[in-house]
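Trainee: Heads up, the sequence shown is in the UniProt record's numbering, so the first residue is 1 and it goes up one at a time.
Ideal Cβ placement from N, Cα and C applies to all residues, glycine included.
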Amino acid sequence: MAEAPIVLDGGTGFLKVGYAGQNFPEHQYPSIVGRPILRSEERDGDIVVKDIMCGDEAAAARSMLQISYPMENGIVKKWDDMQHLWDFTFAEKLKIDPSGRKILLTEPPMNPLKNREQMCEVMFERYNFGGVYVAIQAVLALYAQGLSSGVVVDSGDGVTHIVPVYESTVLNHLTRRLDVAGRDVTRNLIALLLRRGYALNRTADFETVRQIKEKLCYVSYDLELDQKLSEETTVLVESYTLPDGRVIRVGSERFEAPECLFQPHLVDVEQPGIAEFLFNTIQAADVDVRSSLYRAIVLSGGSSMYPGLPSRLEKELKQLWLTRVLQGNPERLNKFKVRIEDPPRRRHMVFLGGAVLANILVLSARCPYSAKVPLSSLNLSPLIFAIPVLFYTEYDLRQCLCTSVSQNPRLILGLMTIGPDESKGARITSMSDYQKCLDYLASKGYFELDTAGSYVGGLQEAFTREAGYEKRGFSIASKVYPDKPGVHSPKTLRERWEASLEKLGTTCPEIFYLHAPDRSVPFEETLEEVNKMHKEGKFVKLGLSNYAAWEVAEIVGICQRRGFVKPTIYQGMYNAITRALESELLPCLRKYGISLVIYNPLAGGLFSGKYSTLSTPDSGRFSNTSSTSGAMYRSRYFKPEILAALGIIEPVAKAHGLSLIEVALRWCIWHSQLNIKDGGDDGIILGISSFDQLVGNVEACEKGELPAEVVEALDKGWEKARGVAPTYWR
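1. With DSSP run on the structure shown, which of helix, strand or coil describes residue 173?
2. Should residue 366 go down as buried or exposed, given a rule of 16 or more other Cβ atoms within 10 Å for buried?
3. Relative to the C-alpha of residue 712, which residue among 580, 667, 699 and 543 is closest?
4. Quick one: what's got a C-beta closer than 8 Å to residue 421's C-beta in the same chain, skipping five residues either side?
5. Short check: CB of residue 151 to CB of residue 159, under 8 Å?
6. Quick one: any contact between the segment 102-109 and the segment 120-134, if contact means 3 or more CB pairs under 8 Å?
7. Give every residue of the same chain whose Cβ lies closer than 7 Å to the Cβ of residue 588, excluding the five residues on either side of it in the sequence, and list them in chain order.
8. Check whether the segment 701-717 and the segment 564-575 touch, using three or more Cβ-Cβ pairs below 8 Å as the test.
9. I need the DSSP call for residue 703, collapsed to helix, strand or coil.
10. Identify every run of the alpha helix (DSSP H) within the segment 25-84, keeping only runs that are complete inside it and at least 4 residues long; order them along the chain.
11. Any contact of the segment 648-655 with the segment 555-566, i.e. 3+ C-beta pairs under 8 Å?
12. By alpha-carbon positions, which one of 641, 597 and 725 ends up nearest to residue 669?
13. Going by the CB atoms, is the gap between residue 236 and residue 782 shorter than 8 Å?
14. Look at the Cβ atom of residue 299, then the Cβ atom of residue 342, and state whether they are nearer than 8 Å.
15. If we cut at 8 Å on Cβ distances, does residue 226 have a partner in chain D?
16. Note down, one range per segment and in chain order, each beta strand (DSSP E) of at least 3 residues found wholly within the segment 482-536.
17. When we look at the beta-carbon of residue 47 and count the other beta-carbons within 10 Å, is it buried (16 or more) or exposed?
18. Under 8 Å between the Cβ atoms of residue 642 and residue 724?
19. Hey, how far is the Cα of residue 644 from the Cα of residue 638?
20. When the Cα atoms are used, what is the spatial distance from residue 410 to residue 675?
21. Take residue 398 and list the residues in its own chain whose beta-carbon comes closer than 6 Å to its own, dropping the five residues that flank it on each side.
22. Does residue 304 pass the burial test, meaning 16 or more other C-beta atoms within 10 Å, or should it be called exposed?
23. Counting Cβ pairs closer than 8 Å, one from the segment 525-545 and one from the segment 302-317, do we hit at least three?
24. Provide the residue span of the alpha helix (DSSP H) that contains residue 571, from first to last.
25. Bridge partners for residue 450 per DSSP, in chain order?
26. Exposed or buried, which one is residue 546 when buried takes at least 16 other CB atoms within 10 Å?
27. Let me confirm a value: residue 225 is counted as buried when at least 16 other C-beta atoms fall within 10 Å, else exposed. Which label applies?
28. Rounded to whole angstroms, what is the Cα-Cα separation between residue 181 and residue 156?
29. Taking buried to mean at least 16 other C-beta atoms within 10 Å of its own C-beta, is residue 309 buried or exposed?
30. Based on the DSSP output, what are the partners of residue 337 in its beta bridges?
31. Is DSSP giving residue 390 helix, strand or coil here?
32. If you scan the segment 179-259 from start to end, which runs of the alpha helix (DSSP H) of 4 or more residues do you find wholly inside it?
33. Looking only at its chain, what residues have a beta carbon closer than 6 Å to the beta carbon of residue 401, apart from the 5 residues adjacent to it on each side?
34. Helix, strand or coil, according to DSSP, for residue 161 in the structure here?
35. Does DSSP put residue 297 in a helix, a strand or coil?
36. By the DSSP assignment, the beta strand (DSSP E) with residue 669 in it spans what residues?
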């Protein structure tokens with residue numbers, strides 16, 4: 001056992017640790033750190049109260065401690081406390097010297113890269129591990145079940161993830177995160193018991209309520225029936241003895257507490273429930289793989305242990321299929337096959353998968369851990385092929401991980417100039433060239449596309465479907481533009497969006513944008529219809545574009561008051577010489593937790609360096625004065641003050657050997673007010689006219705900060721242009 005790699009599954013609620021090849025964790029304890037509330041208190045019965053207590057020791061003395069949770073929703077938030085917990089794990093629990101050892105760590109899907117990097121850095125620099133491997137929790141759960149295709153519903157204490165895997169490949173663009181899990185159920189139970197008169201809302205009571213939850217709670221198969229039983233009978237009432245000897249009676253709270261998994265609004269979370277999220281995820285997959293996913297839904301994590309959860313999930317999936325796919329016709333429902341696997345060991349599925357994987361890696365490759373060995377050369381089950389390398393040494397890890405966020409900004413390919421008809425504004429008309437662009441982006445790790453029903457004369461969306469964007473793993477956002485009054489009326493809005501869905505060949509795109517305000521229709525009417533479409537699974541996230549800040553605030557207020565799906569993303573015009581949104585829109589977005597995706601980062605091509613006078617150029621979007629697009633861009637940027645601003649910037653850029661394009665893009669990432677440098681969700685839409693331009697723009701975005709002199713010139717250029725610069729709203 002001395003040479004076996006360590007397997008550490010760190011969850012929001014519990015930490016599980018053991019060794020490769022074990023069937024169960026060696027130790028399991030709460031992921032908590034406690035400090036004494038009163039420094040004078042040194043003992044709690046037989047327990048010595050220390051300055052810092054961790055895990056089960058902290059849980060045993062929690063009435064004397066101020067409890068801290070190092071992780072929130074699966075992500076480390078308090079690194080000092082997390083290190084105390086790891087110290088406790090290695091020194092007190094495993095009683096090992098980690099120097100030179102190998103360790104397999106787990107992480108949630110969509111874990112911020114900076115989080116992963118810091119975790120590995122601590123393992124190398126604080127504990128001197130000789131090799132580190134990081135695996136995604138949901139994939140380990142599927143591997144533990146012996147499957148290569150399926151959907152993992154991994155619900156722990158802090159977060160629930162829905163992760164589809166097809167033929168050993170994680171479908172990252174379909175992975176979903178629900179911020180409701182075990183801790184939310186516990187808090188919900190505390191609130192419900194408080195209504196009954198049981199005040200269990202102190203920090204010290206949290207563990208007691210968690211134990212009540214695990215012993216008594218279940219998921220209702222028929223909510224209406226259980227509510228009736230609880231009101232008219234005592235058949236559901238159970239007694240529970242508290243640590244102080246008091247006995248409480250728990251009735252309807254037994255099924256009402258976990259109901260927040262299916263109805264997140266009960267705990268003030270504006271997301272679909274777990275069943276609807278699961279259905280939307282599978283329906284958003286390519287039609288060829290959906291049946292494989294429906295037939296292998298694997299439950300994992302402690303919050304999947306509620307009795308009744310598998311049958312309720314199956315029931316709701318069938319109901320959603322009946323209403324949304326079969327349009328209420330029950331005759332074909334028996335052909336819909338769904339299988340939910342709920343293995344008894346699912347509480348420890350992630351650890352088990354990690355223990356098996358670490359053991360296979362050791363047994364199958366008797367080579368130095370520092371070597372990066374492709375698993376395709378090993379005789380392993382197919383699922384392992386999705387994992388590219390063995391344990392990394394510190395040097396290998398730093399080569400593999402992106403240590404600079406500049407290499408991984410959120411880049412989105414804008415499709416406004418890609419389509420079959422050059423006369424309608426397309427610059428890339430060849431399908432092979434388009435697919436070449438998509439394949440290049442995928443190879444670089446960028447998987448987001450942005451289109452609209454109005455692009456390329458209404459032909460763009462179908463062109464993208466023909467390019468096979470879904471099979472290439474891309475997610476897509478589209479928009480409905482109010483080209484005339486009344487487009488955002490409920491009937492027309494739905495017709496336009498359903499036309500987009502048909503052209504795209506999908507039922508549930510990632511983002512639905514209201515492309516610009518239609519002020520002829522009350523916002524509330526529009527939002528009510530949008531909310532209906534969201535409940536029907538016709539999109540995942542709601543976005544706004546080209547709205548004024550006060551309109552964004554009004555829309556958020558309506559959504560909060562009416563319980564509608566709220567916008568979580570805004571698309572706006574922003575670049576080094578167009579910064580109007582910084583003063584009023586950006587504070588509004590930050591207040592309401594709305595991320596910002598920008599378009600025109602190159603000022604519509606003005607930063608290409610081709611334009612220095614107001615004369616009409618021979619080519620490019622500014623050359624066509626008769627087209628709507630050409631006229632729009634000329635009115636935005638073809639102004640003496642803006643060209644003068646470029647005249648300030650360009651010589652300074654040239655003095656540093658930089659192109660205007662590179663300067664503009666690097667400014668957006670490193671020097672603008674975008675939340676993009678530290679794992680933020682803000683992003684940049686890149687519009688292109690050729691494959692070479694795409695490569696050049698991506699390479700520019702992956703470089704670092706600009707010289708201070710260049711940044712100063714950009715600021716001076718903005719001061720020159722700000723009086724005539726276009727506003728962000730229409």
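Mentor: The structure says:
1. Here residue 173 corresponds to residue number 173 of the sequence shown, with the count starting at 1. In the structure shown, residue 173 sits in a helix (DSSP, three-state: H, G or I).
2. Position 366 of the sequence shown, counted from the start, is the residue given in the question as residue 366. In this predicted model, residue 366 has a pLDDT of only 37, less than 50, meaning its place in the structure is not dependable enough to derive any value.
3. To locate residue 712, count along the sequence shown from 1; it is residue 712. Minimum Cα distance to residue 712 is reached at 667.
4. Taking the sequence shown and counting its residues from 1, the one referred to as residue 421 is at position 421. The beta carbon of residue 421 is closer than 8 Å to those of 429, 456, 457 and 459 in its chain, skipping five residues each way along the sequence.
5. By one-based count along the sequence shown, residue 151 stands at place 151. By one-based count along the sequence shown, residue 159 stands at place 159. For residue 151 and residue 159, no; Cβs fall outside 8 Å.
6. Three or more Cβ pairs drawn from the segment 102-109 and the segment 120-134 lie within less than 8 Å of each other, which places the two stretches in contact.
7. Walking along the sequence shown from the start, residue 588 turns up at place 588. So the qualifying residues of the chain are 549, 552 and 553.
8. Flag = no, the segment 701-717 and the segment 564-575 do not touch.
9. Along the sequence shown, read from residue 1 onward, the residue named residue 703 stands at position 703. DSSP places residue 703 in coil when its eight states are reduced to three.
10. Taking 4 residues as the minimum length, the alpha helix (DSSP H) runs contained wholly in the segment 25-84 are 55-60, in order along the chain.
11. Below 8 Å, too few C-beta pairs join the segment 648-655 and the segment 555-566 to call them touching: fewer than three.
12. By 1-based counting over the sequence shown, the position of residue 669 is 669. For the residues 641, 597 and 725, the minimum Cα distance to residue 669 belongs to 597.
13. Here the chain covers residues 1 to 730 and nothing more, so residue 782 does not appear.
14. Counting from one through the sequence shown, the residue named residue 299 turns up at place 299. Counting from one through the sequence shown, the residue named residue 342 turns up at place 342. A contact, by the Cβ cut-off of 8 Å.
15. Here chain D cannot be found, since the structure has a single protein chain.
16. Counting whole runs of 3 or more residues, the segment 482-536 contains the beta strand (DSSP E) stretches 511-514.
17. Reading the sequence shown from its first residue, position 47 is the one you call residue 47. When all chains shown are included, residue 47 counts as exposed.
18. In the sequence shown, counting from the first residue as 1, residue 642 sits at position 642. In the sequence shown, counting from the first residue as 1, residue 724 sits at position 724. With contacts defined as CB atoms closer than 8 Å, residue 642 and residue 724 qualify as a contacting pair.
19. Position 644 of the sequence shown, counted from the first residue, corresponds to residue 644. Position 638 of the sequence shown, counted from the first residue, corresponds to residue 638. Answer to the nearest angstrom: the Cα atoms are 11 Å apart.
20. Within the sequence shown, residue 410 is the residue found at index 410, counting from 1. Within the sequence shown, residue 675 is the residue found at index 675, counting from 1. Annotation: residue 410 to residue 675 spans about 10 Å, alpha carbon to alpha carbon.
21. Indexing the sequence shown from 1 puts residue 398 at position 398. For residue 398, the predicted model reports a pLDDT of 39, less than 50, meaning its position is unreliable; a value from the coordinates is still stated below. Cβ neighbours of residue 398 beyond the five flanking positions: none.
22. As a first step, residue 304 is located in the sequence shown; it is residue number 304 there, counting from the start. Buried: at least 16 other Cβ atoms inside 10 Å.
23. No: fewer than three Cβ pairs fall under 8 Å.
24. By 1-based counting over the sequence shown, the position of residue 571 is 571. From DSSP, residue 571 is part of no alpha helix (DSSP H) but of the beta strand (DSSP E) over 567-573.
25. Here residue 450 is taken as the residue at index 450 of the sequence shown, counted from 1. Beta-bridge partners of residue 450 (DSSP): 414 and 477.
26. Position 546 of the sequence shown, counted from the start, is the residue given in the question as residue 546. Buried, by the Cβ-count rule.
27. Taking the first residue of the sequence shown as position 1, residue 225 is located at position 225. Exposed is the call here.
28. In the sequence shown, counting from the first residue as 1, residue 181 sits at position 181. In the sequence shown, counting from the first residue as 1, residue 156 sits at position 156. Taken atom to atom, the span from the alpha-carbon of residue 181 to that of residue 156 is near 6 Å.
29. On the sequence shown, residue 309 is found 309 positions in, with the first residue counted as 1. Under this definition residue 309 is a buried residue.
30. The residue given as residue 337 occupies position 337 in the sequence shown. None, per the DSSP bridge assignment.
31. Within the sequence shown, the letter at position 390 stands for residue 390. Note on residue 390: pLDDT 43, under 50, position unreliable in the model; no value is reported.
32. Listed in chain order, the complete alpha helix (DSSP H) runs (minimum 4 residues) inside the segment 179-259 are 182-195, 206-216, 223-232 and 253-256.
33. As a first step, residue 401 must be located in the sequence shown, where it is residue number 401. With a pLDDT of 36 at residue 401, under the threshold of 50, the modelled position of this residue cannot be trusted, and the question is left open.
34. Residue 161 sits at position 161 when you count from the first residue of the sequence shown. Residue 161 carries a strand assignment under DSSP once its states are collapsed to helix, strand and coil.
35. Within the sequence shown, the letter at position 297 stands for residue 297. Looking at residue 297 - three-state DSSP - the assignment turns out to be strand.
36. Counting from one through the sequence shown, the residue named residue 669 turns up at place 669. Boundaries around residue 669 are those of the alpha helix (DSSP H), 660-670, since no beta strand (DSSP E) includes it.
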